[in-house]
Amino acid sequence: MNDVFHLETPLSGEDVASLKSGDRVTISGVLYTARDAAHRRLVELIEAGKELPIPVKDQIIYYVGPSPAPPGKVIGAAGPTTSYRMDPYAPRLLELGLKGMIGKGRRSQEVKEAMIKHKAVYMAAIGGAGALMARAIKEVRVVAYDELGPEAIRELKVEKLPVVVVNDIYGNDLYVEGQKQYRIA
Amino acid sequence: MREVSTKRIIAEVRDSAIRANYELGEDVVRAFQDALEYEESPVARDILGQLMENAAIAREERTPICQDTGVAVIFVELGQEVSIVGGDLKSALEEGIRQGYEDGFLRKSVCHPFSRQNTGDNTPIIVHFDVVPGDKLKIWVVPKGGGSENMSQLFMLPPSAGWAGIREKVIDTMEKAGPNPCPPTIVGVGIGGNFEQSALMAKKALLRPLGTKNQDLELAKLEEELLTEINRTGIGPQGLGGRVTSLAVHILMMPCHIASLPLAVNVQCHASRHLEIVL
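Residue numbers (the numbering used here), protein chains in the order written: chain A, 1 to 185; chain B, 1001 to 1279.
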């Protein structure tokens, strides 16, 4: 198994270049959440030439719609949602310098090519382990689209959020490689 | 007639919605443990350990296992000697879900198909009624996540396809789903009936506890065969490669039209949540 690396956000070009598919990584710093409806709105703003409510360059977007925070906690369960639904929008954000995406599940060919071109990585968090993931989240602030409820854009301050690098900037894909290794023909 | 009050139904459904989301079934936790026996991939073994840790945290801290606390699917078996008093049954089920999702800090995940505007209280629910002999009211509360539901499929096969055709479609569905439905999954298969009945059977098949055998010995054998085939794909926990892609395959089957061979595959993520209430 590969060693565990640690990353601080925002990401530098060097950080991204050092990551390889299969690396286990912990992340600390600020992440932005966005899923289906927020992505639609962000890309509508880009197309209209308007300013975005969050910084994108060198940042990481986490595909998550958390459950509500109970009293005494900053967030409820907060595991990743399936990423392919963000595929139609992701290349537009990568063009603007987004360096990382966290979710679960395979990406489209178009997104994979955009990651190589714009030097960005895709990382998987453990789907369905929402209670465990929430432990790494220390502060939460809604920054846009509060009316979308779970789909609002939130700024998360995280400490050692555990993820695995799936797609690196060299064209490797852990979903393809991992399955190949264990397939019984 | 035996009377059951809507007040009691509301309270029971509310509590079950919360408990189902906080407490992963013992059968699922045991299945993770059993999976460690034959999982070879170190990454996958790590993941199985984390899923058990997650279940323990959720139970202890009263937090949902998964943030996707689902659309509320409810199965009802209403004994025909039961009389519902104090209101109507469907409204009571809906009110129980509304209260449970609010009071339990569960995510409201239901929206308008086009505008995507959230309905705000996780209603409407999806409810399947069945009237049966007796004086009991049985209710299954089944929160179902979107990620695994999205990978589910229905096929109207020609009868000539037979078992070989069914097998091919089930394996193909799981190959295409890959990492998306949060493996290790549980696969509900409905064979026969008609278009909607096959889908309903596929979902109902998921209610059977893990580790129990199909009472139909022929189907039990076919379930084993499908599970072995799915686990040969190497998809593994979270799709990162491994031996344990699915924990179980459950089949329900019934006769169908002489022209048809309906097949439905309902994919269930490892956060398999369902609670049974008997009133």
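We treat Cβ as the ideally placed atom computed from N, Cα and C, and that holds for glycine.
In angstroms with no decimal places, state the Cα-to-Cα distance between A:MET101 and A:TYR63. Indexing the first sequence from 1 puts residue 101 of chain A at position 101. Indexing the first sequence from 1 puts residue 63 of chain A at position 63. Rounded to whole angstroms, A:MET101 to A:TYR63 spans 7 Å at the Cα level.
Between B:GLU1077 and B:LYS1138, which are expected to be in contact by the criterion C-beta below 8 Å, what is the C-beta distance as a whole number of angstroms? Your numbering for residue 1077 of chain B matches position 77 in the second sequence. Your numbering for residue 1138 of chain B matches position 138 in the second sequence. The Cβ separation is near 4 Å, so the contact holds.
Would B:LYS1213 be called buried (16 or more neighbouring beta carbons within 10 Å of its own) or exposed? Residue 1213 of chain B sits at position 213 when you count from the first residue of the second sequence. It counts as exposed.
Can you tell which of A:ARG41, A:PRO66 and A:GLY65 has its C-alpha closest to the C-alpha of A:ILE54? The count along the first sequence starts at 1 and reaches residue 54 of chain A at position 54. Of the candidates A:ARG41, A:PRO66 and A:GLY65, the one whose C-alpha sits nearest the C-alpha of A:ILE54 is A:ARG41.
Looking only at C-alpha atoms, which of B:GLY1211, B:ALA1264 and B:CYS1182 sits nearest to B:ASP1034? The residue given as residue 1034 of chain B occupies position 34 in the second sequence. Minimum Cα distance to B:ASP1034 is reached at B:GLY1211.
Tell me which same chain residues have a C-beta within less than 7 Å of the C-beta of B:ALA1055, skipping the five on either side of it? Numbered from 1 along the second sequence, position 55 holds the residue referred to as residue 1055 of chain B. Counting only Cβ-Cβ distances below 7 Å, and skipping sequence neighbours, we find LEU1024, VAL1029 and ILE1065.
State the beta-bridge partners of A:TYR62 as determined by DSSP. Translated into the one-based positions of the first sequence, residue 62 of chain A becomes position 62. For A:TYR62, which the question treats as bridged, DSSP gives the partners A:THR33 and A:ILE102.
Terminal residues of the alpha helix (DSSP H) in which B:ALA1202 lies: Taking the second sequence and counting its residues from 1, the one referred to as residue 1202 of chain B is at position 202. First-last of the alpha helix (DSSP H) with B:ALA1202: 1195-1205.
Put B:MET1253 into one of helix, strand or coil per three-state DSSP. Locating residue 1253 of chain B in the second sequence gives position 253, counting from the first residue. Note: B:MET1253 maps to strand in three-state DSSP.
When the distance is taken between beta carbons, is B:VAL1249 closer than 7 Å to B:GLU1223? Looking up residue 1223 of chain B in the second sequence gives position 223. Looking up residue 1249 of chain B in the second sequence gives position 249. Yes, the Cβ-Cβ distance between B:GLU1223 and B:VAL1249 is below 7 Å.
Using only the alpha-carbon positions, how far apart do A:TYR89 and A:VAL43 sit? Mapped onto the first sequence, residue 89 of chain A falls at position 89. Mapped onto the first sequence, residue 43 of chain A falls at position 43. Roughly 6 Å between the two C-alpha positions.
Within the region 1032-1116 of chain B, ranges of the beta strand (DSSP E) (whole runs, at least 3 residues): 1071-1079 and 1082-1085
Contacts around B:GLY1120, its chain only, beta-carbon distance under 8 Å, and the 5 residues preceding and following it disregarded: Here residue 1120 of chain B refers to the residue found at position 120 when the second sequence is read from its first residue. Hits under 8 Å: LYS1108.
Which residues in chain A have a C-beta closer than 7 Å to the C-beta of B:ALA1058? List them in chain order. The sequence position of residue 1058 of chain B within the second sequence is 58, counting from 1. Those are ALA131, listed as they occur along chain A.
For chain B, find out if any of its Cβ atoms is closer than 7 Å to the Cβ of A:ILE61; answer yes or no. The residue given as residue 61 of chain A occupies position 61 in the first sequence. So no, A:ILE61 is outside the interface.
Kindly identify the DSSP beta-bridge partner or partners of B:ASN1021. Locating residue 1021 of chain B in the second sequence gives position 21, counting from the first residue. In the DSSP output, where bridge partners are listed per residue, B:ASN1021 has none listed.
How many Å lie between A:LEU161 and B:LEU1207 at the Cα? Within the first sequence, the letter at position 161 stands for residue 161 of chain A. Within the second sequence, the letter at position 207 stands for residue 1207 of chain B. Cα-Cα distance, rounded: 33 Å.
Looking only at its own chain, which residues have a Cβ that is under 6 Å from the Cβ of B:GLU1094, when we skip the five neighbours before and after it? Here residue 1094 of chain B refers to the residue found at position 94 of the second sequence. Here the set comprises THR1123 and ILE1125.
Name the chain A residues whose beta carbon is nearer than 7 Å to that of B:PRO1019? Taking the first residue of the second sequence as position 1, residue 1019 of chain B is located at position 19. Reading off the sequence shown, one finds Arg at residue 1019 of chain B, where the question assumed Pro. Per Cβ cutoff of 7 Å: no residues; B:ARG1019 is ~15 Å from chain A at best.
Between which two residues does the alpha helix (DSSP H) holding A:LYS112 run? As a first step, residue 112 of chain A is located in the first sequence; it is residue number 112 there, counting from the start. It spans 109-118 - the alpha helix (DSSP H) in which A:LYS112 sits, taken as one unbroken run.
Helix, strand or coil: which one does DSSP assign to B:ALA1248? Taking the second sequence and counting its residues from 1, the one referred to as residue 1248 of chain B is at position 248. Here B:ALA1248 sits in strand by DSSP.
Cutting at 8 Å between CB atoms, please list the residues of its own chain near B:GLN1197, excluding the five before and the five after it. Working through the second sequence from its first residue, we reach residue 1197 of chain B at position 197. Contacts found: GLY1190, MET1254 and PRO1262.
Exposed unless 16 or more other CB atoms sit within 10 angstroms - verdict on B:PHE1032: One-based indexing of the second sequence puts residue 1032 of chain B at position 32. By the 10 Å Cβ count, B:PHE1032 comes out buried.
Proximal chain A residues relative to B:ILE1047, where beta-carbon distance stays under 7 Å: Stepping through the second sequence from its first residue, residue 1047 of chain B is reached at position 47. The contacting residues are ILE126.
Taking the continuous beta strand (DSSP E) assigned at B:MET1156, which residues delimit it? Start at 1 with the first residue of the second sequence, and residue 1156 of chain B comes out as number 156. Looking at the DSSP string, the run of the beta strand (DSSP E) that includes B:MET1156 is 1153-1157.
Below 8 Å, can you find three or more Cβ-Cβ pairs linking the region 140-148 of chain A to the region 8-23 of chain A? no
Give the C-beta separation of B:LEU1240 and B:ALA1044 to the nearest angstrom, bearing in mind that I take them to be a contact with Cβ-Cβ under 8 Å. As a first step, residue 1240 of chain B must be located in the second sequence, where it is residue number 240. As a first step, residue 1044 of chain B must be located in the second sequence, where it is residue number 44. With 8 Å as the limit, B:LEU1240 and B:ALA1044 qualify as a contact, their Cβ atoms being about 7 Å apart.
One question on the structure: do A:ALA77 and A:ALA131 come within less than 7 Å of each other, judged by their Cβ atoms? Position 77 of the first sequence, counted from the first residue, corresponds to residue 77 of chain A. Position 131 of the first sequence, counted from the first residue, corresponds to residue 131 of chain A. Cβ distance < 7 Å, so A:ALA77 and A:ALA131 count as in contact.
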